[in-house]
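>
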Amino acid sequence: MFTDIRKSGQRPLWIGEGVWAELSSTWGSPDYTRRRDQNRHNKASDIGGLGSSLHIRGFVPHTEHRRRLKQVLGREPTPVELHSHTHKRQEDQQWVDERARRAYVSDGLSAGNLVENTI
């Protein structure tokens with residue numbers, strides 16, 4: 001939302017003039033621009049040629065996914081189960097990308113928690 005506001009350059013009615021002046025000043029600073037560019041680069045990082053990380057469950061926080069899984073499972077989900085839930089397609093249970101599959105195998109094997117299709 002703020003990205004769209006920043007790009008438009010027009011103050012919405014719900015943002016006061018003083019706050020807008022402060023935001024505009026911050027958004028125009030070299031430090032902000034540097035951080036924004038670094039964050040954009042980090043988000044699009046291509047670790048090991050696998051691309052950026054994908055999630056398939058929309059704009060729902062992981063805390064909410066954990067709460068929902070707890071209701072379904074009757075216990076706290078393991079980190080590996082939560083990862084599987086947020087990185088597999090519901091319709092075919094396939095990983096959204098190779099990066100998610102590798103993280104699952106790596107983390108699951110190290111934790112001894114590989115659990116397929118429990119969710």
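Here the sequence shown is numbered in full-length UniProt numbering, starting from 1 and rising by one per residue.
For every residue, glycine included, the Cβ atom is placed at its ideal position computed from N, Cα and C.
(1) Which word fits P13, buried or exposed, when buried means at least 16 other C-beta atoms lie within 10 angstroms of its C-beta?
(2) For R6, which residues from the same chain have a beta carbon less than 7 angstroms from its beta carbon, with the 5 sequence-adjacent residues on both sides left out?
(3) Provide the residue span of the alpha helix (DSSP H) that contains G18, from first to last.
(4) Tell me whether K88 is buried or exposed, calling it buried when 16 or more other Cβ atoms sit within 10 Å of its Cβ.
(5) Have a look at P30 and A21 and give me their C-alpha separation to the nearest angstrom.
(6) Taking Y104 and V72 to be in contact with their CB atoms under 8 angstroms, please state how far apart those CB atoms are, rounded to whole angstroms.
(7) Starting from T78, follow the alpha helix (DSSP H) in both directions and report where the run begins and ends.
(8) Kindly identify the DSSP beta-bridge partner or partners of W95.
(9) May I have the straight-line CA-CA distance separating S24 from V60, to the nearest angstrom?
(10) Would you decide whether R99 is buried or exposed? Buried here means 16 or more other CB atoms lie within 10 Å of its CB.
(11) What's the C-alpha gap between I119 and Q93?
(12) Once DSSP output is grouped into helix, strand and coil, what is the label at F59?
In terms of the structure at hand:
(1) It should be pointed out that residue 13 corresponds to Leu in this sequence rather than to Pro. By the 10 Å Cβ count, L13 comes out exposed.
(2) Same-chain partners within the cutoff: W27.
(3) E17 to W27
(4) buried
(5) 16 angstroms
(6) So it is not a contact: roughly 19 angstroms between Cβ atoms.
(7) That residue, T78, is in no alpha helix (DSSP H); it is neither H nor E in DSSP.
(8) K88
(9) S24 and V60 have their C-alpha atoms spaced approximately 30 angstroms apart.
(10) buried
(11) Note that I119 scores a pLDDT of 47, beneath 50, so its modelled location is shaky; the value from the coordinates is reported in the next line. Between I119 and Q93, the C-alpha separation is close to 10 angstroms.
(12) Note: F59 maps to coil in three-state DSSP.
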